[in-house]
Structure formats: structure tokens, C-alpha cells
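In our numbering, the protein residues as written are 40 to 251.
Backbone N, C-alpha and C fix where the C-beta goes; we use that ideal spot for every residue, glycine too.
Here the structure is a predicted model, which is why all the values come from computation and not from measurement.
Only one structure is covered here, and it is reproduced in the block below.
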């Protein structure tokens, strides 16, 4: 792998793809790296036609100089940042397409031209298989995530049942301990362990016969 290819790969710029809606048409923008020509390929398709641009290390260095950036690495880093911002404009002009990534004086501007039949066939083939692989990979991850969620729910249900049983037992124990005991006759309400004291009564004298 060449140093130029490695730099593109390190920034993950050899496998970009994004759908762009300019209000009139939808376009698919995607990139790849062509080892045979040692070129970074930028492609735009409306689903029928395809436009492309090959950028080698010398042209990229020229573009870096125009933007007054210190190195190709700096250029690629800023390109990726602009791409991730989602600010991408595409406009069709006759047999070419203008691609602008980013805003202002530091935006990245490219002119793409209609691909030849052989190039178009290979580029479309590459992006179709790439998108299919991405979709399959996402399906696998989704299936695995669903299995993980089901497992967690099952474990949570088991733990919940255990805790419910434990707290139910604790509640019964507390109720049994705090159950009000019936008050025995003569027992004090305030102090159940002691009996009520009988109210003291005065001396009772029996009537004598003399009073009769």
C-alpha cells in the first residue's frame, strides 16, 4: 500500500457514501481508492448517470496549496471534518457536476465529469456491493443487540421475582410481629403489661337496727 493510499485510508476517505438532496434531485456521493492508478476517486450518481474525478497525490498537493494548508494530512483532515458537517452541495451543469463540501473560502470544490462505460460499470458495481455489505453488517448487529436485550430482560425478570418474594416474606414477618394483641379484661390500654387499678372506694357502713 502506497503512502498516499495509507493517508486516504487512515482518514477513512476511501469508503465514504452519502445521499444528497439538492431540492430538485437526489444524488449518491461516494468515494473509493483505485490501486491501479494510485488515485482517490470521487463519484456522484443520480441513479442513472455517473460522474467521477480521479485525484492523485500531485493534484491533491496542488489543491492543498490553493487552500494554503500545511500538508496533505491537514487537507484530508479538514476534508473529512467538512464532510461530517453534512454541508455538501451538488449541482449538475451540462455534462459535468459541481461538488462543494464545506462553506466559505475554505470549502472543497470539485468538478466531476461523465464516466466512461467501463468506469461506470465498475464504480456502480463497487458501491452496490459495498452498500449490500453495510446493510448485512447492520442486520447482524441489530440481531445481536435484540438477543442481548432479550437476555437482559429475562435476567431482570428473574431478579424481580426473587426480590418480590423476599419483600413479600419480609412484609408478612413485619405484619405478624406488629399484629395487635387482644386486650385482656382488666389490662391497661396505656400499659398493656399492667392491670387497671380499681378505683378506691370509701368505707361502707351497714345500717344498724337502731336507725330503723
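Sequence-distant residues of the same chain with beta carbon closer than 8 Å to residue i, five excluded per side
i           : result
residue 77  : 41, 43, 44, 95, 96
residue 127 : 57, 59, 68, 138, 139, 140
residue 51  : 119
residue 198 : none
Chain-order list of residues whose beta-carbon lies under 6 Å from that of residue i (same chain, five-residue window excluded)
i           : result
residue 48  : none
residue 251 : No answer about residue 251 holds up, because its pLDDT of 46 lies below 50 and its placement is not dependable.
residue 73  : 80
Presumed contact (8 Å Cβ cut-off) between residue i and residue j, rounded CB distance
i           : j          : result
residue 129 : residue 56 : That belief does not hold up - the Cβ atoms of residue 129 and residue 56 are roughly 14 Å apart, past 8 Å.
residue 192 : residue 54 : Actually they do not touch by this definition, with Cβ atoms about 36 Å apart.
Other residues of its chain near residue i: CB distance less than 7 Å, five sequence neighbours each side excluded
i           : result
residue 149 : 81, 92, 138
residue 196 : none
residue 64  : 85
residue 109 : none
Proximity to residue i [Cα-Cα], best of the options
i           : options           : result
residue 90  : 162, 154, 163     : 154
residue 134 : 142, 171, 104, 83 : 83
residue 143 : 100, 164, 106     : 106
residue 102 : 147, 74, 132, 79  : 147
residue 66  : 74, 136, 104, 98  : 136
residue 71  : 188, 46, 190, 112 : 46
residue 162 : 87, 185, 64       : 87
residue 115 : 79, 75, 189, 184  : 79
In DSSP terms, what residue i is bridged to
i           : result
residue 122 : DSSP, once it has assigned bridges, lists no residue as partnering residue 122.
residue 91  : 82, 152
residue 70  : 81
residue 59  : 66
residue 187 : In the DSSP output, where bridge partners are listed per residue, residue 187 has none listed.
residue 138 : 129, 149
* Is it a yes or a no for the region 104-124 touching the region 171-178, going by three-plus beta-carbon pairs under 8 Å? -> They do not touch, by the three-pair rule.
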